[in-house]
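Counting from 1, position 561 in the sequence shown corresponds to residue 561 in our numbering; the numbering is continuous, with no gaps.
Even glycine gets a Cβ: it sits at the ideal position worked out from N, Cα and C.
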Amino acid sequence: MQKSTDKTATIGMICLDAPPVNALSGDKGIPQAIAAAVQEFDADPAIKAIAIYAAGRFYSAGADIAEFRGNPATDAAPLRSLFEALDASQTPVVLAMHGVAFGGGLEVALAAHYRIAEAKTKLGLPEVSLGLLPGGGGTQRLPRLIAMDKAVEMIITGRPVSAAQALENGLVDALFDGDARAAVLDFATKIINENKPVRRSRDQEIAAFDPAIFDTTATKLAKTAHRNPGPMKALDCLREAAQGPFERSLTFEHRAFDALMEHPQTKGICHAFLGERTAVKIPGLEGQKTSRSMDSVAIIGAGTMGVGIALACMKAGLQTLLLDLKDEALERARANVERQLAGQVKKGRLSQDRADAQLALLTLSTSFADMGDADVIIEAVFEDLGVKESVFRQIDAIAKPGALLASNTSTLDVNLIAAFTNRPQDVVGLHFFSPANIMRLLEIIRADDTSADTLLASAEFARKIGKVGVVVGVCDGFVGNRIFEEYLRQAYLLLEEGATPEDIDGAMEQWGWAMGALKVMDLAGQDIGWAIRKRRKVEQPDRPYSTFPDQICELGWYGQKTGRGYYNYPEGVRGGATNPDVLPMLQAHSIALGLIRRTVTAEEVVERTLLAMINEGAKILEEGIAYRPVDIDVIYLNGYGFGRDRGGPMFQADLMGLKTVLARLEELSKGREGWALKPAAILYRMQEQGLSFADLNAGKTVQTDMQEELV
Ligand code: 3HC
1 MQKSTDKTAT IGMICLDAPP VNALSGDKGI PQAIAAAVQE FDADPAIKAI
51 AIYAAGRFYS AGADIAEFRG NPATDAAPLR SLFEALDASQ TPVVLAMHGV
101 AFGGGLEVAL AAHYRIAEAK TKLGLPEVSL GLLPGGGGTQ RLPRLIAMDK
151 AVEMIITGRP VSAAQALENG LVDALFDGDA RAAVLDFATK IINENKPVRR
201 SRDQEIAAFD PAIFDTTATK LAKTAHRNPG PMKALDCLRE AAQGPFERSL
251 TFEHRAFDAL MEHPQTKGIC HAFLGERTAV KIPGLEGQKT SRSMDSVAII
301 GAGTMGVGIA LACMKAGLQT LLLDLKDEAL ERARANVERQ LAGQVKKGRL
351 SQDRADAQLA LLTLSTSFAD MGDADVIIEA VFEDLGVKES VFRQIDAIAK
401 PGALLASNTS TLDVNLIAAF TNRPQDVVGL HFFSPANIMR LLEIIRADDT
451 SADTLLASAE FARKIGKVGV VVGVCDGFVG NRIFEEYLRQ AYLLLEEGAT
501 PEDIDGAMEQ WGWAMGALKV MDLAGQDIGW AIRKRRKVEQ PDRPYSTFPD
551 QICELGWYGQ KTGRGYYNYP EGVRGGATNP DVLPMLQAHS IALGLIRRTV
601 TAEEVVERTL LAMINEGAKI LEEGIAYRPV DIDVIYLNGY GFGRDRGGPM
651 FQADLMGLKT VLARLEELSK GREGWALKPA AILYRMQEQG LSFADLNAGK
701 TVQTDMQEEL V
């Protein structure tokens, strides 16, 4: 923060300058410094107006989310003292916003006496999208400045308004173009010249409104309140604001905000927000950028995955070449692309012009020679090492030097694939998730010889096509599918012990998953899982699977694509109906295993599947396949439908506490098929060393036995 005066020495200037996003960090003393500057200027009789503005790309992203450590008394205190200073000022305070004015940043503006905004500014209170509510007086001041229905809309949805809308609804006093410093100086001069008074938002009356808005909004929110507690609590605060007086309802808001800060689901959502920005950073390469261009892509294989990848690239404005050996495959692919774009136009998600522009970026070819100019080449052919070998040898012969060579394999060893080329340093795995144009996750698989620049180029490519690119190491299933296998194993075992598919999926969906494990298998196609299990039987005979899913497959019930699976999929039924044949099959299967079927509770389903994920995640960390626990969380949040409010499996482990995790794993590992839940060694070491997964995210390391001996 910088403090100065204008050349007449009558305007106290305060410049917020805290890159990268002007977050109001209490740890860095930013709100405290602004408050002190306001108080000093206010005490100076020569100062007739105080002008606040910001340096940098935009005005402010709000309070510093990284400082929400669950201790509201200290976490929110510095910001609150700033609002008090603004309210107490006897000198008019003008504040200029540019670019983005979000959260606590906008709340500072609401507490200033006059507000102006650059014409392209977005103004919003997005706290609810973090599971919070505006806790710096936003729920109290906003409805005093704009109509209650507009305030409810802004706060409950978290959606920002444009500067023009803000001017129209009374949120700002004027708009400006260009430099924020010059604009705020002009406005402050005007205030002085026109002898404008101090004008506190807290002192303004709430305009008359229809109180029915609270009940109708509450009814709408009731459906999602169990996933995100923020919006309903924010609505309560707005209701209180209408009751007044300001001081009392402000205290109500502070208490509600403080309670949310300690809420595990809010913590989960904040973890997801910061995690998505951490997991895309490659340790050791932070701040570095590739010099390679990433403007054109060639995709080999025009199947479902190839088309999905092509759509993602076209959406990002990349020249996209789709290659296949057969004309028919390419024709089908083009029809598929056109159908998907037309579908988006029909739903109003895309304009016809943009759809046309995207389609114009697509070229189809049966000639591999055409990929010679591509910056990125992605192989998305059949999952067979022999087929991949032939494709990669051709890529190696044709690709230009420095092209990024990627395989979309989900199961094969990327080291073997890299060895089919004479440039293994340029080879990487790019594991897309189906549908590739929708799912945000991209696992970036680093093979032994993948160069640092290839990783940087992959991360840049992921960013360009709007994906969350997380770098992982080579192992069977990489991070996502390897953990998924353990969690499925438990779901199948629970079926044998007494659960129905509805019990499993119902429990998981109620807890927060977008879709239960068995519904996912029906969606993905049971035959895929069956093929993996057959392979596993040979590769890992000591890790037996339940044979029940095989029985389903033997009947040809592959799920949605065959109309039957764990569920039935008659025409017109969304999400599947009960398959009445499954329960008798399960009962017979349990008898054959000598098991007496029992009631499996929802808590048990959630706990056992989650513990399996945590345990496998811990092994993945131990082996260095994932850099950080948060990378695993981000993979699950973006690729597998893990509830955002649950923060990811490793975040859940910290919520449970390592002691509980270990105790429960030990207990379960004594039970039926307990080998699958034998605790990972790293969990014991973490417990001994008093470490949580959050500590590992913060850079602490787990000492190995060898290191201990050396010490
Ligand atoms: N606190 C801490 N860090 C933040 C932050 C915040 N409020 N907002 C963004 N950042 C960090 C990001 O983590 C990222 O860190 P990195 O450099 O280590 O990767 C960096 O700033 C840049 O962020 P983005 O990559 O998201 O940059 P974009 O330009 O794409 O987007 C943005 C900028 C629109 C401001 C976006 O970051 C955003 O929406 N931020 C969150 C805004 C928000 O939710 N504010 C409310 C905070 S809660 C609050 O204010 C409580 C109050 O009511 C008391």
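- Taking each of R227, T189, L364, V297 in turn and checking the Cα distance to E328, the smallest one comes out for L364.
- The beta-carbon distance between N437 and K315, rounded to whole angstroms, is 7 Å. This is short enough to meet the 8 Å contact definition.
- Across the set A37, G137, I625, G105, the C-alpha of G105 shows the shortest separation from the C-alpha of D64.
- In terms of Cβ geometry, A49 and V108 do not form a close pair [threshold 9 Å].
- The beta-carbon distance between L132 and L260, rounded to whole angstroms, is 5 Å. This is short enough to meet the 8 Å contact definition.
- In this structure, the C-beta of D177 stays at least 8 Å away from each heavy atom of the ligand 3HC.
- In the DSSP assignment, Y545 falls outside any alpha helix (DSSP H), carrying neither H nor E.
- For the options K346, Q2, A96, E331, the alpha carbon positioned closest to that of L362 is the one of E331.
- Secondary structure within the region 93-152: the alpha helix (DSSP H) runs of 4 or more consecutive residues, fully enclosed, are 103-111, 138-145 (chain order).
- Unbroken beta strand (DSSP E) runs of no fewer than 3 residues, entirely contained in the region 204-278, are not found.
- R57 has its CB nearer than 8 Å to a heavy atom of the ligand 3HC.
- P211 and E247 have their C-alpha atoms spaced approximately 21 Å apart.
- A straight line joining the alpha-carbon of Q204 with that of A151 spans about 15 Å.
- Rounded to the nearest whole angstrom, the CA to CA distance from W675 to K561 is 34 Å.
- Contact between the region 578-592 and the region 613-626 is absent: fewer than three C-beta pairs spanning the two stretches fall below 8 Å.
- If only uninterrupted beta strand (DSSP E) runs of at least 3 residues are considered, those enclosed by the region 411-467 are 427-432, 441-445.
- At a threshold of 8 Å, F214 does not count as near the ligand 3HC, since its beta carbon sits no closer than that to any of the ligand's heavy atoms.
- DSSP places T5 in no alpha helix (DSSP H) but in the uninterrupted beta strand (DSSP E) bounded by 2-5.
- Cβ contact annotation for Q2 (same chain, cutoff 7 Å, sequence separation greater than five): C15, D17, in chain order.
- The closest CA to that of T547, considering only R574, R69, E496, is found on E496.
- I192 sits away from V297, with the two beta carbons spaced by 9 Å or more.
- Between Q140 and L82, the C-beta gap is not smaller than 9 Å, which leaves the two residues out of contact.
- As the crow flies, the alpha-carbon of G572 is around 36 Å from that of F478.
- In the structure shown, A61 adopts coil according to DSSP, grouped into three states.
- Following the DSSP letters along the chain, one finds E497 inside the alpha helix (DSSP H) bounded by residues 480-497.
- In the displayed model, N408 falls within coil according to three-state DSSP, outside both helix and strand.
- Buried is the label assigned to P549, since at least 16 other Cβ atoms lie within 10 Å of its Cβ.
- Out of T450, R440, S434, the CA that lies nearest to the CA of I417 is found in T450.
- When Cβ pairs closer than 8 Å are counted between the two stretches, the region 469-477 is seen not to touch the region 594-605, the count staying below three.
- CA-to-CA, the gap between L611 and L677 works out to about 8 Å.
- Residue ranges of uninterrupted beta strand (DSSP E) with 3 or more members are absent from the region 495-570; none lies entirely inside it.
- With at least 16 other beta carbons inside 10 angstroms of its own, V427 counts as buried.
- A531 and R159 have their C-alpha atoms some 45 Å from each other.
- Rounded to the nearest whole angstrom, the C-alpha separation of F693 and V634 is 14 Å.
- Distance from the CA atom of R564 to the CA atom of V605, rounded to whole angstroms, is 23 Å.
- Contact between the region 635-648 and the region 271-282 is present: three or more C-beta pairs spanning the two stretches fall below 8 Å.
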